[in-house]
DNA sequence: TATGAATGAGAATTCATTCAT
DNA sequence: CATGAATGAATTCTCATTCAT
């Protein structure tokens, strides 16, 4: 129970902007780097402690559990990443009917890419652990489904009704969009090592055109 | 050296069809299931032994190392999966100039999906470990690059010259194809739990049309 | 690297007199006794832990490796045993030309016997492992050769030039001295169980006379 | 019980010259080499089996136990080595009163050195294991004491009475002789790697002179 | 709050030994 | 006689977690 309380406390901390200790900060930063690099299972708390210049006990004083440390790092990201998408971009689109789907897509892709570019390491952790841990998957995917997929589905239907995109089942369209964007993100941020030299502008453009018109001449 | 010899012996075994013991068989099967499920790092040899109804020592008598057990399971798959693609489908296409790119795509996708459907669990292991282990990635990706990507690139150029697909840089086209097909496979076989009720015919069709023409109306 | 660091840390500890934990102390003591008794290979870390009243993990927290534990026990002894010989006794002899070889011999033998009497167990460990482990032998013997043998050879030559000992090849004389003193130490401290009732005075005298004049009437 | 019977059977076999199987022979030879090289504790039966070109089970079929294999190799050597000394040389000396102690010593040393030169590996095994295993030591040393030491003591007394050697306590003389010869053998056959290029004639001469007259000029 | 020594439950691996064929 | 697959106890080592200071 202490563990859950601790986690809650940390989540709370994020919201209420109660300052985390300097050490706590350092632990989180270090953990992120190491988890992203070697994966959660292959990173020991003692390594983290050493790299963070902190006693091993300190990690547990703050996070209670290694699992908790992982979640403490992941959750704030998700809390921002998923809704973050909605807040700004979606609302505009739902109202403005001058915006074309292509522009909508372009905006979202660029927006999320920039966000992930700034949080590459956490993104890598999430992708890796999502694939690795059935448990995490079971917790995350439904959440993702309701928070993201539904919104996108909604948008798709809107644009379908406007006649901008093909009149295929929303499910099928949604799936293609998610696969393409997901594959794109994973390829660029997890598989390929060229994290810095990424021309977002160009990559976005290629992706949008591909999604809109395919490759047929 | 014993370790490598053991691995070589196992690879050899695959080729020469020297019968593996009943227990050895059971160990491999069980390991595949468990690795696919929980990931390599989260599966202990003692769990595998218990689940396979075998003494833990027996695993090591046959595979020498846990790593080895993983490789023994992965390598035969890769040996078949990667070249398997080339042999049949590619050659036909390079000669027949009646085949359209769409058909080429359809054939390859269906063919590989069927193969992976039959080897779902190993595919899941490979995807997971590829993302998880830098080491595996460094060994596998270049191999994949030379064996698969180059062939596909070749095909793309062929069809570009025939005017069937857009005259974009081969790299860009290749990337989109790989992302889409990869994302598709991962979504269907790794992320989603509905492994059995997959309508290959229909899924393939959706994918091909999406890749060819995008979603614009 | 952690392993070596740990070993270095322990060596360091010896010099800088940074207090080892009480448990660490106990582990070392217990290990010395057991290694001396049953040999390194026949003593398991779990036995040591049990005998030391410590959790097995504690051994590894402090010493990292079983090998390391052995070295941590041996090295400080060697660091003192080998140079220890030289510092005091040798220097005097090289200057004073009143000292006879017989006295020189007597002093060294007595001095080293007393030292070993106080460190019997470590001496037993070293002798056993030296014979048992090719590896240790290869590391230690050359070191012994340069640090001890050379000095003794030097002294032998000095006394030969003074006409006190036979004009035989230094090598041959050296070999006889080493064999006799070595055999003497091993017999008294390793083979025979009467470790306590040893009359150093008398034994030294016998040995010196034997070496000087042999057994002929 | 089967184990002991097996050991007895093997001892018996040696005497009654019942042919050991070809495989059995190979196992013994290989074991001798490997025990001499790496020590008993560091040599696994599976290694022996592999090196001997034999199935692991075969070792146990013949020797029942790894311990047994060791003994089967050691005992025949001891049975010959220890009494072997007595039979020829001692008897002559006890009768002939023309023989000087120096010649007696020379003969024994040369005789035993030749024997050990031919059985180097077993000698190395015995020395190593004698130091390593309290158990072996407790069995062997008393046996050695009654069979060898007593005879030598007897001879010493004889020569003392003839006035050829110093009138010191037999114990003390005996000890010096054993230490010197033992140290000599261990140095030449166990510690030093130059097993082949040993000038027995010369080494014997050096040793005898040293023992007789010491190093004083 | 922070420390770091101590823990003990497992983890991978080794190996002598057994036994059915 | 010989084989070699199978065993399971023992071994070294790792690591998240606790707790006294």
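Protein chains in written order, with the UniProt record's numbering: chain A, 1 to 217; chain B, 1 to 217; chain C, 1 to 217; chain D, 1 to 217. Quick reminder that beta carbons are idealized off the backbone N, C-alpha and C, glycines included. All values reported here derive from a predicted model rather than from experimental measurement.
Of all the options the options, which has the alpha carbon lying nearest to the alpha carbon of residue i?
i: residue 121 (chain D); options: D:105, D:44 and D:40; result: D:40
i: residue 26 (chain D); options: D:59, D:6, D:209 and D:11; result: D:59
i: residue 115 (chain A); options: A:212, A:78 and A:46; result: A:78
i: residue 29 (chain C); options: C:16, C:190, C:5 and C:74; result: C:74
i: residue 191 (chain C); options: D:72, D:140, D:156 and D:168; result: D:140
i: residue 169 (chain C); options: D:181, D:53 and D:206; result: D:206
i: residue 54 (chain B); options: B:186, B:22 and B:188; result: B:22
i: residue 81 (chain C); options: C:179, C:44 and C:144; result: C:144
i: residue 36 (chain C); options: D:133, D:160 and D:45; result: D:133
My understanding is that residue i touches residue j, with C-beta atoms under 8 Å, so please give their C-beta distance in whole angstroms.
i: residue 147 (chain A); j: residue 83 (chain A); result: 7 Å
i: residue 174 (chain D); j: residue 152 (chain D); result: 6 Å
i: residue 69 (chain D); j: residue 208 (chain D); result: Actually they are not in contact, since the Cβ atoms of residue 69 (chain D) and residue 208 (chain D) sit about 38 Å apart, beyond 8 Å.
i: residue 131 (chain C); j: residue 128 (chain D); result: 5 Å
Going by beta-carbon coordinates alone, are residue i and residue j separated by less than 8 Å?
i: residue 11 (chain C); j: residue 113 (chain C); result: no
i: residue 94 (chain C); j: residue 158 (chain C); result: yes
i: residue 180 (chain A); j: residue 45 (chain B); result: no
What does the alpha-carbon distance come out to for the pair residue i and residue j?
i: residue 91 (chain D); j: residue 107 (chain D); result: 13 Å
i: residue 165 (chain A); j: residue 172 (chain A); result: 12 Å
i: residue 31 (chain A); j: residue 42 (chain B); result: 19 Å
i: residue 210 (chain A); j: residue 203 (chain A); result: 11 Å
i: residue 212 (chain D); j: residue 119 (chain C); result: 33 Å
i: residue 135 (chain B); j: residue 24 (chain C); result: 37 Å
i: residue 189 (chain A); j: residue 57 (chain A); result: 33 Å
i: residue 182 (chain A); j: residue 162 (chain B); result: 31 Å
i: residue 102 (chain A); j: residue 167 (chain A); result: 16 Å
i: residue 109 (chain B); j: residue 13 (chain A); result: 48 Å
i: residue 52 (chain C); j: residue 33 (chain C); result: 11 Å
i: residue 1 (chain A); j: residue 71 (chain A); result: Model confidence at residue 1 (chain A) stands at a pLDDT of 44, short of 50, so the residue's coordinates are unreliable; what they give is reported in the following sentence. When rounded, the distance between both Cα atoms is 16 Å.
i: residue 89 (chain C); j: residue 187 (chain C); result: 24 Å
i: residue 16 (chain C); j: residue 6 (chain B); result: 48 Å
i: residue 197 (chain B); j: residue 184 (chain B); result: 15 Å
i: residue 126 (chain C); j: residue 123 (chain D); result: 20 Å
i: residue 229 (chain C); j: residue 142 (chain D); result: Chain C is shown only over 1 to 217; residue 229 (chain C) falls outside these bounds and no answer can be derived.
i: residue 154 (chain A); j: residue 49 (chain B); result: 49 Å
i: residue 149 (chain C); j: residue 47 (chain A); result: 45 Å
i: residue 111 (chain D); j: residue 156 (chain D); result: 18 Å
i: residue 20 (chain A); j: residue 20 (chain C); result: 35 Å
i: residue 137 (chain A); j: residue 217 (chain B); result: 34 Å
i: residue 18 (chain B); j: residue 9 (chain B); result: 10 Å
i: residue 160 (chain C); j: residue 160 (chain D); result: 31 Å
Item checked: Three CB pairs or more closer than 8 Å across the region 55-71 of chain B and the region 98-105 of chain B -> No, the region 55-71 of chain B does not touch the region 98-105 of chain B.
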